[in-house]
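Asks: Just passing along the structure, written as structure tokens.
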Amino acid sequence: MSEKKDYQALVKQIRHHNDRYYNQDDPEITDYEYDQLMLKLKAMEKEHPEWITKDSPTQKVGGSAKRRAGVLVQHRNPMLSLQDVFSKEEVEQFVADCQGALKHPRFVVETKIDGLSMSLRYENGELVLAETRGDGILQGEDVTANARMIGDIVASLPEKVPYVELRGEVYMENEAFEEVNAKQELLGKKTFANPRNCAAGTLRQLDPSVTKERRLSMFIFNIQETQGISFNGHVEGYEWLKRQGVKIIDTYFVCDTFQEIWSAIEKIGEMRGNLAYDIDGAVVKLDSFTDRAALGTTSKVPRWAVAYKYPPEEKEATVLDIELSVGRTGRITPTAVFTPIRLCGTTVSRATLHNQDFIDSLGVGIGSHVLVYKSGEIIPKIKQVVKTPETKTVPVFQLPDTCPVCGKPTVREEDTADLKCINPACPSQIQRNIINFVSRDAMDIKGFGEVYIQLLTEQGYLRDVADIYDLHLHREELIEQGLIGKEKNTDKLLAAIEGSKKNSPERLVTGLGIPNIGKAAAKALIRKFGSLEALEQADVESLCSVEDIGEISARAIRQFFEREEVQTVIERLKARGVNMTAQKQETGEGPFSGQTIVVTGTLPTMGRKEVTELIEKNGGKVAGSVSKKTSFLVAGEAAGSKLTKAQQLGIPVVTEEELLGMLK
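Numbers 264 to 927, taken from this note's numbering, label the letters of the sequence shown in order.
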């Protein structure tokens, strides 16, 4: 029975990867590696059909529908996946099967976009619903508000037909993806692994403005259902969609023979490296809707289409150098520079090595021969080191224990493989530190945007956060050079900077960028110690007595304040009049004393900031997530997973009106 155990383990492994891909938008393996697992599973089930259950990964579509951007909705038409094929012979067999069952079938070959599947419903020409694939059969997620932010989606069709349902792929062009990741890095946030993950995460955002800002795109690749209008086939439907201003798949070929089909697949394969977006294959489908209906579908895939997956192209190269760069978060990233090679239509010569653990796992060093491929057909990656007699003695590269930019010692963060420079005066981190310092959760200096910070650091006006409070000394120069704008705009920003000196010290603590210390922890620390000076002097034991501050965070705080450069910055801030002591009334006492409260959803009359201040003024603590320690949840309209979790844990749930009633 060891083979049956192997089968069960494989099913469990694939379910895990399905969850990472469809539900978490954070895959751990490449598409190719996933495809190999599925091929192995299909082979085992072919050998032992009695093992197949209805919830086998070969019998189900996609992941689960999630309540994140909106409510769950029922599919009118299933959003099935496609059967994957990996060889010329499999494509030829599919074509032969269609030709054997149908009279002179015509085929369409088109690019398979690597994105997130979505359907659009139009009633009387107006867009009424956009939904994700969800489980593919029964229900998906309503993402209409976010869909309206995508420029490619037509909100109103010129021809007001009673009903049209379209299916397409939401994706992100590589240029837009790079812009998003650059901004994430600048803000010190986690970057996205690839455009597909970014598009999926963005479409499920609660705030539609984020969707608009990230510039998602969409192609339509199928007409799911129509009422009041009909088409004979796929291409005829495409022509009608083009007349409606709907963006359809860029590249498609109409074919009658297998030779024409294979030639089209090869043409798409040749162009994939030059497209502005990622593709993960070519789709071969029947053109005639009558032919499609005749072949029908299985529980998971249509019988009238297949998706051909291109094999990953791999080539050997020699590592010439390993460069080190320091991001705005302080993370040190090693990059292999190798002899130029041609992959998927483009020349590549660089690939990230991520961190020391990755380098060690490969055993790569300068002079190593490596096998390079393109992940998702776009991002160069090193697959393995190719051992040769000449490279046997090449030593494995070791990251330095000092920052390559400022020379200060580096640290490896707890529970991560990342090596970081934590020197706040490191030139690579200045912009990130200042962005954090002026942000809404920290010193909240309104009007101090990223563009200004970039210009002022590049021009040498800002070298650390204390320099912000010296900008007024350069007023005339700033106006003359127009770095912030004209006189009115410059004075407005300088006034905002001056006003921020009166902020409560918890904002200052948040802005200093202490590792592991965010807005909530900063409030708890100031509530406990009352001033920045007292916090600086606190030992690890005292820090651990603060709610939600563990030993790791306590040691990080202690180490932060012991650094000489940090002390210098704090002394300069103090000298410039930045408030470092809490007012007594900031430590609220009242009906909510000792209670931990979570707020979720949209309240009828109060914003999130307003209700948080009200709770804290009356002694309560506002937490960001529901746990057993939560005293009660304040829920408004469109309350999501926090409400569900509170109900599961038996946590009391109150409305805004009931919250205000508690104060009376």
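Even for Gly, the Cβ is constructed at its ideal location relative to N, Cα and C.
Could you give the distance in angstroms between the alpha-carbon of G748 and the alpha-carbon of Y724?
Replies: Roughly 15 Å separates the two Cα atoms.
Asks: Could you name each continuous beta strand (DSSP E) segment of 3 residues or more that falls completely within the segment 587–669, going from the start of the chain to the end?
Replies: Runs found: 595–606, 609–615, 632–638, 642–649.
Asks: Just to confirm my understanding: we take Q661, look at its own chain, exclude 5 residues before and 5 after, and list those with CB closer than 6 Å. What are they?
Replies: Once the five neighbours on either side are set aside, Q661 has no close Cβ partner at all.
Asks: Going by alpha carbons, who is nearest to V772 out of S631, F823, T753, I742?
Replies: V772 has its Cα closest to that of F823, out of S631, F823, T753, I742.
Asks: Quick one: grab the DSSP three-state call for T673.
Replies: T673 falls in the strand class under three-state DSSP.
Asks: Just the C-alpha distance for V714 and Q722, rounded to the nearest angstrom, thanks.
Replies: One C-alpha to the other measures close to 12 Å.
Asks: Do T598 and S612 have their CB atoms nearer than 8 Å?
Replies: Cβ distance not < 8 Å, so T598 and S612 don't count as in contact.
Asks: What does the alpha-carbon distance come out to for the pair Q858 and F895?
Replies: Rounded to whole angstroms, Q858 to F895 spans 8 Å at the Cα level.
Asks: Quick check: the Cα distance between I742 and R384, rounded to an integer number of angstroms?
Replies: If I take the Cα positions, the gap works out to 53 Å.
Asks: Tell me the rounded alpha-carbon separation between Q694 and P574.
Replies: Each residue's alpha carbon lies about 42 Å from the other.
Asks: Tell me which residue opens and which closes the alpha helix (DSSP H) that R430 is part of.
Replies: Counting along the chain, R430 falls outside any alpha helix (DSSP H), though it belongs to the beta strand (DSSP E) covering 426–434.
Asks: Please report the Cβ distance between A570 and F601, rounded to the nearest whole angstrom; I am assuming they are in contact, meaning their Cβ atoms lie under 8 Å.
Replies: In fact, because the Cβ distance is near 32 Å, the residues do not count as touching under 8 Å.
Asks: Counting only the same chain and skipping the five closest in sequence on each side, list residues whose C-beta sits under 7 Å from that of I277.
Replies: Result list for I277: L300, M301, L304, P320, in chain order.
Asks: Flag I486 as yes when its Cβ comes closer than 7 Å to any non-hydrogen atom of the ligand COA, and as no otherwise.
Replies: For the structure depicted, the ligand COA is absent and the ligand set is empty, with no information on it obtainable.
Asks: May I have the straight-line CA-CA distance separating S624 from V274, to the nearest angstrom?
Replies: Using only the alpha carbons, I get a separation of about 27 Å.
Asks: Does DSSP put D360 in a helix, in a strand, or in coil?
Replies: In this structure, D360 counts as helix in the three-state DSSP scheme.
Asks: Roughly how many angstroms lie between the CA atoms of E438 and I622, to the nearest whole one?
Replies: Their backbone Cα atoms lie some 28 Å apart in a straight line.
Asks: Can you tell me where the beta strand (DSSP E) holding K375 begins and where it ends?
Replies: Run containing K375: 370–376, per the beta strand (DSSP E) assignment.
Asks: Would you identify the three-state DSSP class for Q337, choosing helix, strand or coil?
Replies: The answer is strand: DSSP assigns Q337 an E or B state.
Asks: Using alpha carbons as the reference points, say which of K351, L392, E355 lies closest to H338.
Replies: Closest by alpha carbon: L392.
Asks: Is DSSP giving G496 helix, strand or coil here?
Replies: In this structure, G496 counts as strand in the three-state DSSP scheme.
Asks: Note down, in chain order, each residue of its chain lying with its Cβ closer than 7 Å to the Cβ of K510, except the 5 sequence neighbours on either side.
Replies: Taken in chain order, the residues that qualify are D415, M481, F482, I483.
Asks: Can you grab the Cα-Cα spacing for the pair L335 / V406, in whole Å?
Replies: Cα to Cα, L335 sits roughly 9 Å from V406.
Asks: Grab me the residues of I914's own chain with a C-beta within less than 7 Å of its C-beta, minus the 5 sequence neighbours each way, in chain order.
Replies: Within the same chain, I914 has close Cβ partners V889, T893, F895, L896.
Asks: Look at the alpha carbon of T865 and the alpha carbon of D811, and state the distance between them as a whole number of angstroms.
Replies: Their Cα atoms are separated by approximately 27 Å.
Asks: Rounded to whole angstroms, what's the CA-CA distance from V648 to N699? Just pull it up for me.
Replies: When rounded, the distance between both Cα atoms is 40 Å.
Asks: Below 8 Å, can you find three or more Cβ-Cβ pairs linking the segment 421–436 to the segment 456–472?
Replies: With a cut-off of 8 Å, the segment 456–472 and the segment 421–436 count as touching, because enough Cβ pairs lie within range.
Asks: State the Cα-Cα distance for the pair L912 and T918, rounded to the nearest angstrom.
Replies: Cα-Cα distance, rounded: 18 Å.
Asks: What are the partner residues of R472, as DSSP defines its beta bridges?
Replies: Per the sequence shown, the amino acid found at residue 472 is Ser instead of Arg. BP columns for S472 are empty, so no partner.
Asks: Between which two residues does the beta strand (DSSP E) holding T395 run?
Replies: T395 -> beta strand (DSSP E) spans 389–395.
Asks: What separation, rounded to the nearest whole angstrom, lies between the Cα atoms of K453 and F521?
Replies: Each residue's alpha carbon lies about 46 Å from the other.
Asks: If we call anything under 8 Å between Cβ atoms a contact, is G710 one with A759?
Replies: Contact: yes.
Asks: Mapping DSSP to helix, strand and coil, what is G403?
Replies: Of the three classes helix, strand and coil, the one that applies to G403 here is strand, per DSSP.
Asks: Taking the Cβ atom as the reference point for each residue, do V371 and F357 lie within a distance shorter than 8 Å?
Replies: No, these two residues do not count as a Cβ contact at 8 Å.
Asks: For the beta strand (DSSP E) that G544 lies in, which residues bound it at each end?
Replies: Where G544 is concerned, the enclosing beta strand (DSSP E) stretches over 542–549.
Asks: Quick check on the burial criterion: 16 or more other C-beta atoms within 10 angstroms. Buried or exposed for D269?
Replies: D269 comes out exposed.
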